[in-house]
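Worksheet: the structure to be examined is printed underneath.
Chains as they are written, first to last, in the working numbering: chain A, 1 to 114; chain B, 1001 to 1111.
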């Protein structure tokens, strides 16, 4: 069964450093998402992406964050200057159709900012 | 602000028990309610509900939506230790692609 994959599974970085989290969505999916889950808290929406542009973003997704699909298969989330509060599990998701009702999630990247 | 509230937050049962997990929602322009199972890491899709009163079933799991009272339940019958997980409920709204998640119910099934 096709699945969303994410790398790395765990990333440790120093505050102020840039990180890039990578995702390979399911191959025939067209809509891509990033969510995060701070330890012990809810899964929170960050951004949705379609046709090489952001279609929706949350208040969390400020200028420190960016997304791109550099090569038609990978979907990346970049955090330019990490803060301690960026420590969380980051989930990528993809969907074949618009609307977000059948999103398939990847296994997540645990980001630890020291 | 849209919100989804799940109860209980935690539940411990014995194998063979039946459990009911609750999810209430306040989502503007509500479109659908989804249930996910989260073991270790990735939430895995269980059900999507859009219509009131129509039960969806998958093996020992079933779910139903009440759009008048704004809630959904997830039932698991004859629980097994493999059902131990966090069960997440999420709402979606028309005109939006994001899912709004609840905090989840942590289910522990003891042998």
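Positions of the beta carbon are idealized from the N, C-alpha and C atoms, including for glycine. Quick caveat: nothing in here was measured; it's all calculated off a predicted structure.
Residues bridged to residue i [DSSP beta-bridge criterion]
i               : result
residue 1075(B) : 1020(B), 1062(B)
residue 1032(B) : 1092(B)
residue 1027(B) : The partner list for residue 1027(B) (beta bridge, DSSP) is empty, contrary to what the question assumes.
residue 4(A)    : Paired residue(s): none; residue 4(A) is not in a bridge.
residue 29(A)   : In the DSSP output, where bridge partners are listed per residue, residue 29(A) has none listed.
residue 44(A)   : 36(A)
residue 110(A)  : 10(A), 89(A)
Whether residue i touches residue j by CB criterion (7 Å)
i               : j               : result
residue 1101(B) : residue 43(A)   : yes
residue 21(A)   : residue 77(A)   : yes
residue 1092(B) : residue 1074(B) : no
residue 109(A)  : residue 6(A)    : yes
residue 98(A)   : residue 31(A)   : yes
residue 11(A)   : residue 19(A)   : yes
residue 1037(B) : residue 1078(B) : no
residue 58(A)   : residue 39(A)   : no
residue 61(A)   : residue 79(A)   : no
residue 17(A)   : residue 82(A)   : yes
residue 1058(B) : residue 1048(B) : no
residue 8(A)    : residue 1041(B) : no
residue 86(A)   : residue 113(A)  : yes
residue 1021(B) : residue 1087(B) : yes
residue 1039(B) : residue 56(A)   : no
Proximal residues to residue i (C-beta, below 7 Å), its chain only, five neighbours per side dropped
i               : result
residue 105(A)  : 4, 91, 93
residue 1002(B) : 1026, 1027, 1028, 1091, 1093, 1100
residue 28(A)   : 96
residue 52(A)   : 69
residue 1008(B) : 1105
residue 2(A)    : 26, 27
residue 1080(B) : 1015, 1109
residue 1083(B) : 1076, 1107, 1109
residue 1024(B) : 1005, 1070, 1071
Chain A within 7 Å of residue i, Cβ atoms only
i               : result
residue 1097(B) : yes
residue 1047(B) : no
residue 1092(B) : yes
residue 1056(B) : no
residue 1106(B) : no
residue 1103(B) : yes
Cβ neighbours of residue i in the same chain (closer than 6 Å, five flanking residues each side left out)
i               : result
residue 1012(B) : 1108
residue 1067(B) : 1052
residue 1014(B) : 1110
residue 1055(B) : 1062, 1064
residue 1050(B) : 1032
Residues near residue i by beta carbon distance below 8 Å, same chain, minus five either side
i             : result
residue 74(A) : 22, 23, 24
Near-chain B residues of the stretch 35 to 56 of chain A (beta-carbon distance less than 7 Å), N- to C-terminal order: 42, 43, 45, 48, 55, 56
Determine which residues of the stretch 78 to 107 of chain A have a Cβ less than 9 Å from any Cβ of chain B, and write them out in chain order.
89, 91, 93, 95, 98, 99, 100, 101, 102, 103, 104, 105, 106, 107
Contacting positions in the stretch 1020 to 1043 of chain B - beta carbon closer than 9 Å to chain A = 1031, 1032, 1034, 1036, 1038, 1040, 1041, 1042, 1043
Handout entry: Selection of the stretch 1068 to 1084 of chain B by Cβ proximity to chain A, strictly under 7 Å
Key = none
If contact means a Cβ-Cβ distance below 8 Å, which residues of the stretch 56 to 71 of chain A contact chain B?
56, 58
Against chain A, which members of the stretch 1004 to 1017 of chain B pass a CB distance test of less than 9 Å?
Hits within the stretch, in order: 1004.
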